[in-house]
Amino acid sequence: MPTITASSPVFDRTGKELIGVCATDFILPAEMSSFLRSLEVGRSGETFIMERSGALVAASTSEKLINDSGDTVEYLKGTESTDPLIRGTAQYLYGRFGDLNTLKHSQQLEFKLDGQRQLVQVLPFQDGRGINWLITVVVPEADFMGRIQANTRLTALLYLLSLGVAVVGGILTARWLTRPISNLNEAAKSIAQGQWQTSIDTIDRQRADELGELAQSFHQMATQLQHSFAALETQNADLQQAKDDLAHAKEQLEAVLDAMPGPISWIAANGTYLGVNSHWARSFNLSPESIVGKSIRVGGYSPDYVGFIVSFLASSEISSSQEIPMFIGGQSRHYLVAAQKYQQGTAIVVVGIDITERRLAQEALQEAQHTNQAIVSAMPRLDDAPAQ
């Protein structure tokens, strides 16, 4: 079997002069090939391990992997294996990649050998100390498809047999049931036309066979349907009334929202408008319908406003507010924007309050305070005034 040698150089105390090399040889155990042979890879699949040079390290076959003739030791190459599946797979890998060193990642491949499709899994294995192997598993597709095809043929045969039995039985049963059932068909058509009081006189409901039971069940079903349709008509009337009430409530809510002195908007979690009130639409010379579905980033809105909305949508906060300057109708305005999440955070409602006048008043008040403070600071203290 191939041997793995672990070695380490030994230097003198100065660390510059090489004294020698310590090495340990590890002979790969025969159990590796035995283990591969113990694996059940389909019915005729094989598993083998190759070096990048193409030499076989282990295989699930019983062939000899080392040819020891005198002073020379030759490792059996995968392309020279006596097993046609291993040999064909190795030849395919060389033909596909040319140099086995180019295989860096796990590969799932397929090729044809003697007209049969083969499925291949190649897994590169490296340990960073010199081991550089290709672990390869090859399984003929027939190992998978053989049983499937057999089951498919059996299923098709059983299906055809069942279909034939069902067709013959159905024809015989239909001939036996056609005449009495046609009367039930006429009664069903009458009921479909709304003739609920139609009686089933053509079939004796007192019959002791299955048709008598069917006629009795049909009669009960017709009665239940009549009651159900009556109840459904009542429910439809109630539903229509509820729909009208809901529409009326919606109109009232829209009227209240349109009467609000500030802009109100509803925004989805993806940053698109679900709706706006009339004040919002008038502020931007748009119709409420035209803004639905538009992004908050479109239309030249205030960057501070867009940033506030995007940040709030991404946060875990339920509500938030911020004072934002905006340019609306050719004028610079200041709004206190308040946002509230609803529908489990999938949408938000945003209300804007124009605080421009209040802000201007605050600025005027601050300016007056600064002026008064300057006047007071400039006045001489009474204690420093000269006595008269």
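For the sequence shown, my numbering gives the first residue as 6, with consecutive numbering after it. Where is the CB? At the ideal position from N, CA and C, for every residue including glycine. Values in this document were obtained by computation on a predicted structure and should not be read as measured data.
Is the Cβ-Cβ distance between residue i and residue j less than 8 Å?
i: Leu108; j: Phe116; result: no
i: Pro293; j: Gly280; result: yes
i: Leu61; j: Asn72; result: no
i: Pro129; j: His110; result: yes
i: Leu230; j: Ile176; result: no
i: Ser49; j: Asp148; result: yes
i: Ala344; j: Ile301; result: no
i: Ala63; j: Leu98; result: no
i: Thr87; j: Ala95; result: no
i: Ser307; j: Phe317; result: no
i: Ala179; j: Phe223; result: no
Could you tell me whether any non-hydrogen atom of the ligand NAD is closer than 7 Å to the CB of residue i?
i: His339; result: Here there are no bound small molecules, and the ligand NAD is not part of this structure.
Which residue from the options puts its Cα closest to that of residue i?
i: Ser65; options: Ile71, Gln378, Ser43; result: Ser43
i: Gln113; options: Arg134, Glu85, Val144, Asp104; result: Val144
i: Glu79; options: Ala235, Thr94, Gly59; result: Gly59
i: Asn282; options: Ser382, Arg302, Ile301, Leu258; result: Leu258
i: Ala352; options: Ser321, Ala366, Thr19; result: Ser321
i: Gly12; options: Gly151, Arg134, Leu251; result: According to the sequence displayed, residue 12 carries Ser and not Gly. Ranking the options by Cα distance to Ser12, first place goes to Arg134.
i: Gly217; options: Gln198, Leu189, Asp243; result: Leu189
i: Phe332; options: Tyr310, Leu159, Leu251; result: Tyr310
i: Val125; options: Phe289, Gln367, Asn290, Gly47; result: Gly47
i: Gly335; options: Thr19, Phe289, Gly298, Ser39; result: Phe289
i: Val297; options: Tyr278, Gly312, Arg287, Leu291; result: Tyr278
With a 10 Å radius around its C-beta and 16 neighbouring C-beta atoms as the bar for buried, classify residue i as buried or exposed.
i: Pro266; result: exposed
i: Thr141; result: buried
i: Ile91; result: buried
i: Pro34; result: Bear in mind that a pLDDT of 49 at Pro34, under 50, signals an unreliable position, so the model cannot answer this.
i: Arg51; result: Strictly speaking, residue 51 in this sequence is Glu, with Arg absent from that position. Classification for Glu51: buried.
i: Met55; result: buried
i: Leu70; result: buried
i: Tyr347; result: exposed
i: Gly93; result: buried
i: Ser67; result: exposed
i: Ala220; result: buried
i: Gln393; result: The predicted position of Gln393 is uncertain, since its pLDDT is 47 and thus under 50; no value can be drawn from it.
Please return the same chain residues whose Cβ sits closer than 6 Å to the Cβ of residue i, not counting the five positions on each side in sequence.
i: Asn137; result: Arg57, Gln131
i: Pro3; result: Not covered by the structure: residue 3. The range shown for the chain is 6 to 393.
i: Ala227; result: Ile196
i: Thr29; result: Ala11
Excluding the 5 residues flanking residue i on each side, which residues of the same chain have their C-beta closer than 7 Å to its C-beta?
i: Asp359; result: Gly267, Arg338, Tyr340
i: Trp285; result: Pro268, Ile269, Ser270
i: Glu256; result: none
i: Val356; result: Gly267, Ile269, Ala343
Tell me which residues share the same chain as residue i and place their Cβ nearer than 8 Å to its Cβ, disregarding the 5 neighbours each side in the sequence.
i: Val15; result: Leu23, Ile24, Gly25, Val26, Cys27
i: Leu105; result: Met55, Arg57, Ser58, Gly59, Leu98, Tyr99, Leu139
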